[in-house]
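Accompanying notes for the structure given below.
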Amino acid sequence: MLQSSFTPTALDESELLGIQTLTDPVMSTAQSLSELAIRFFLNLLSCWVIVRLLYYPKSRRKDYVFTFLTFSSAMLLLLYAMGRVDVGVGLTLGLFAIFGVIRYRTETVPIREMTYLFVIIAIAAVNGLTPLYVVAGVPDNNPHYALSSGDVLLALAANALSIILILVLENSRGLRRSASKIILYDRIDLIVPERRDELFKDIEERCGITPVDVTIGNIDFLKDSAYIKIYYNTESCADTTLDSIIRDKQLIDNQTL
3 MLQSSFTPTA LDESELLGIQ TLTDPVMSTA QSLSELAIRF FLNLLSCWVI VRLLYYPKSR
63 RKDYVFTFLT FSSAMLLLLY AMGRVDVGVG LTLGLFAIFG VIRYRTETVP IREMTYLFVI
123 IAIAAVNGLT PLYVVAGVPD NNPHYALSSG DVLLALAANA LSIILILVLE NSRGLRRSAS
183 KIILYDRIDL IVPERRDELF KDIEERCGIT PVDVTIGNID FLKDSAYIKI YYNTESCADT
243 TLDSIIRDKQ LIDNQTL
């Protein structure tokens, strides 16, 4: 009687399934610090170019320059820290909470400044979440983290495209920039619709600006004065803080004329 020479051997689950098990690679401290430095300085450089070279020359608002650069750096660090842990939905909820604080818990921000704010938030998100190190050496059974030149170029391209887009829009001659100004006008005889051309001419002579449209506000017939909001085209994008204060209707109504 023939006896089988086959001897059963114990196989683990990975061998039965044909799966090769590898030890998960861990980034070294030097790699983590270099990754953070690359992200931080790339983000700071991009935001500095956008804020200091594109935004500031036309607005001259140093307070917003400080706010944008500080907020962008803080947002980058926050996203980088959250991206290193598995937060899932918490990351999205955290971003919505931050946007909610910006929208409802601070004073009104002009539309141009709000646009720049969302631009630097988007750039901070790109620079904070784009993977720069990838796992390499898997075919050689030596997995480790290595800097991915492709991902670095992708991050650089995203930053460069954002800067180029803002540069083109800021210097486009086809896009007119409008501004508004509220004045206390003393010739209420000109505020009637029939004398609108005379009103425009008088405003241009006295204020030095060419109005495109006007809105008549609170009128005081006892003192022959009225609040008028003037809309005009301008090359400057500077915000008038005084106008932002007077823009509140309750403040105007309670103002002593």
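Okay, so the sequence shown: first residue is 3 according to this note's numbering, each after it adds one.
Glycine residues also receive a C-beta, built at the ideal position from the N, C-alpha and C atoms.
From a predicted model like this one, the values you see are computed outputs, not experimental measurements.
Among the options, which one has its Cα closest to the Cα of residue i?
i    : options                : result
A127 : L155, F42, F68, S174   : F42
V51  : I185, I232, S164       : S164
V28  : S61, V136, Y233        : V136
V154 : P133, V170, S227       : P133
I190 : Y229, N235, S74        : Y229
S75  : I40, R63, I221         : I40
L47  : R63, F70, L81, K60     : F70
R208 : L224, I185, K225       : I185
A160 : S30, L44, S34, T31     : L44
F223 : Y187, P112, F120       : Y187
M84  : L131, I166, I232, S151 : L131
L119 : L201, I166, F73        : F73
I168 : Y58, L38, L79, E37     : Y58
Y233 : K225, I221, G210, I125 : G210
S180 : L201, I221, T236, L156 : T236
L80  : A157, S36, N129, F68   : N129
K183 : E206, K225, L55        : E206
S36  : Y82, L192, I221        : Y82
A124 : F68, V67, C49          : C49
E172 : F68, S34, L56, D226    : L56
F68  : S34, A162, I122        : I122
S227 : L192, A32, S30, L38    : L192
Can you give me the start and stop residues for the beta strand (DSSP E) that residue i sits inside?
i    : result
Y187 : 180 to 187
Starting from residue i, follow the alpha helix (DSSP H) in both directions and report where the run begins and ends.
i    : result
N129 : 113 to 131
L163 : 151 to 172
S36  : 31 to 50
P59  : 58 to 61
Can you tell me whether residue i is buried or exposed? The criterion is at least 16 other CB atoms within 10 Å of its CB, across all chains shown.
i    : result
M116 : exposed
V170 : exposed
I113 : exposed
S61  : buried
L78  : buried
I166 : exposed
D152 : Note that residue 152 is Gly in the sequence shown, not Asp. The residue is exposed, with fewer than 16 neighbouring Cβ atoms inside 10 Å.
A157 : buried
R54  : exposed
D65  : exposed
R63  : buried
K225 : exposed
>> Does the stretch 145 to 160 come into contact with the stretch 187 to 200, if we say contact requires no fewer than three beta-carbon pairs (one atom in each stretch) closer than 8 Å?
In response: no
> Is the stretch 206 to 226 touching the stretch 160 to 177, taking contact as three or more C-beta pairs under 8 Å?
Replying inline: no
> Taking the runs of the beta strand (DSSP E) that are 3 residues or longer, which of them lie wholly in the stretch 201 to 243?
Replying inline: 213 to 222, 227 to 235
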